[in-house]
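One rule links them: number in the working numbering = place in the sequence shown (from 1) + 6.
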Amino acid sequence: MRQFAVTAFALAATLACASGSTTPTAATTTTTGTNTTGTTNTGGSTTPSLPSGYEKFTNGTSVQISGNFVVVSTTDVPNHKSPYFGVGNANYVAPTAGIVLNPSHIAAQSYVLRIPIAPAAAASPGDTPLDAIGVALNGVVFFNQYAAGRVPLTTEIVSFDQYNGHPAMQNNYHYHFEPLYLTAATKSALIGFILDGYPIYGPQETSGSAPTGLDACNGHTHATLEYPNGIYHYHVVSSPPYLVGCFHGTAGTVTN
Ligand SMILES: [Zn+2]
Ligand SMILES: [Zn+2]
């Protein structure tokens, strides 16, 4: 186990070579060492600028513009403690009472999400697939409300760690539920972006109240901190579909 932990850390440090954030976050365990690239916009004057909120990615997540897409590249290794790190890893923590670990562990991935830079409502909502449906601001991917075979998560919930994440068969860590590490300070915070380009927020509005009028995809439209002119956005809720019930817009693509 010790050897695994050292290897995983080395991989994470190697792969997390570009940072999408220029904003230091106190709670972030940096794996990048240096933070020299920042948010990259290499296309010159004809390249659209990054939508608001993308500057909040941390944990070595790379955010770049490519044509009409924001390309988010991530190792998917969380910047918080988890019992799914190998013993000896700096972020290993023993499971708390009630957690039944699954057989997988956390290992660095090579996720690349191509997210529409200008999200637009689709003619009809799209089904979310298994595997990544979006990415949290710490580079960890979001999964939908189903386990393999599109069965409810019921039997898997016990394997979630203290921040509501767990790894899948490819040792790819992910959140199906509210990523508690990202909402610990502010329950109304932006927590990431979904593959169709729309942002996703915590379980409260800035007023502290629960979101109202959510549609089947778990979203609605009003002004937010990042989008004062109003935008369609999702909220995480405490019952299925938890994050996103369907894609309101046309989804981009994911590779890993
Ligand atoms: Zn899962
Ligand atoms: Zn809202």
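Idealized CB from N, CA, C, for every residue including glycine.
Taking all protein chains shown into account, do 16 or more other C-beta atoms lie within 10 angstroms of the C-beta of Asn-74, making it buried, or fewer, making it exposed?
So Asn-74 ends up on the exposed side.
Does the beta carbon of Tyr-233 fall short of 7 Å from some heavy atom of ligand 2?
no
Looking at Ala-222: is its Cβ nearer than 8 Å to the Cβ of Pro-131?
In contact: Ala-222 and Pro-131 (Cβ atoms closer than 8 Å).
Per-residue burial, Met-7 [other beta carbons within 10 Å of its own, 16 or more giving buried]
Confidence at Met-7 is low in this model, with a pLDDT of 37, below 50, so its placement is unreliable and no value can be given for it.
Going by beta carbon distance, what residues of the same chain come within less than 7 Å of Glu-211, once the five residues before and after it are set aside?
Ser-194, Pro-217
Do Asn-178 and Pro-247 have their CB atoms nearer than 8 Å?
No.
Can you grab the Cα-Cα spacing for the pair Arg-156 / Leu-249, in whole Å?
15 Å
So, for Val-260: in the same chain, excluding its five sequence neighbours on each side, which residues have a beta-carbon less than 6 Å away from its beta-carbon?
Leu-119, Ala-138
Per-residue DSSP class, three states only, for Val-164
helix
What would DSSP say about Tyr-179, mapped onto helix, strand or coil?
Note: Tyr-179 maps to strand in three-state DSSP.
At a threshold of 7 Å, does Glu-184 count as lining ligand 1 (C-beta to nearest heavy atom)?
Glu-184 has its CB no nearer than 7 Å to any heavy atom of ligand 1.
Does Tyr-169 come out as helix, strand or coil in the three-state DSSP assignment?
coil
Beta carbon of His-241: closer than 7 Å to some heavy atom of ligand 2?
yes
Is the segment 105–124 touching the segment 172–192 in the sense that three or more CB pairs, one from each, lie closer than 8 Å?
Contact between the segment 172–192 and the segment 105–124 is present, because at least three Cβ pairs lie under 8 Å.
Can you find the residues in the same chain that come closer than 8 Å, C-beta to C-beta, to Thr-227, ignoring five residues on each side of it along the sequence?
Gly-236, Ile-237, Tyr-238, His-239
Taking 8 Å as the threshold (C-beta atoms), are Gly-208 and Glu-184 in contact?
yes
Say the cut is 7 Å; is the CB of Pro-131 nearer than that to a heavy atom of ligand 2?
no
Any C-beta of chain B under 8 Å from that of Leu-186
Included in the structure is just one protein chain, with no chain B present.
With DSSP run on the structure shown, which of helix, strand or coil describes Leu-56?
Leu-56 falls in the coil class under three-state DSSP.
Pull up the distance between the alpha-carbon of Thr-256 and that of Ala-124, whole angstroms please.
When the Cα atoms are used, Thr-256 and Ala-124 turn out to be separated by approximately 10 Å.
Other residues of its chain near Lys-87: CB distance less than 6 Å, five sequence neighbours each side excluded:
So the qualifying residues of the chain are Asn-97, Val-99.
Between Cys-252 and the rest of its own chain, which residues show a CB-CB distance below 7 Å, the 5 nearest in sequence each way excluded?
Pro-131, Gly-132, Asp-133, Thr-134, Ala-222, Cys-223
Straight-line CA distance for Leu-220 to Glu-61?
26 Å
For Thr-161, which residues of its own chain have a beta-carbon under 8 Å away from its beta-carbon, when the five flanking residues on both sides are left out?
Apart from sequence neighbours up to five positions away, the residues of its chain that approach Thr-161 with a beta-carbon distance below 8 Å are Ala-153, ordered along the chain.
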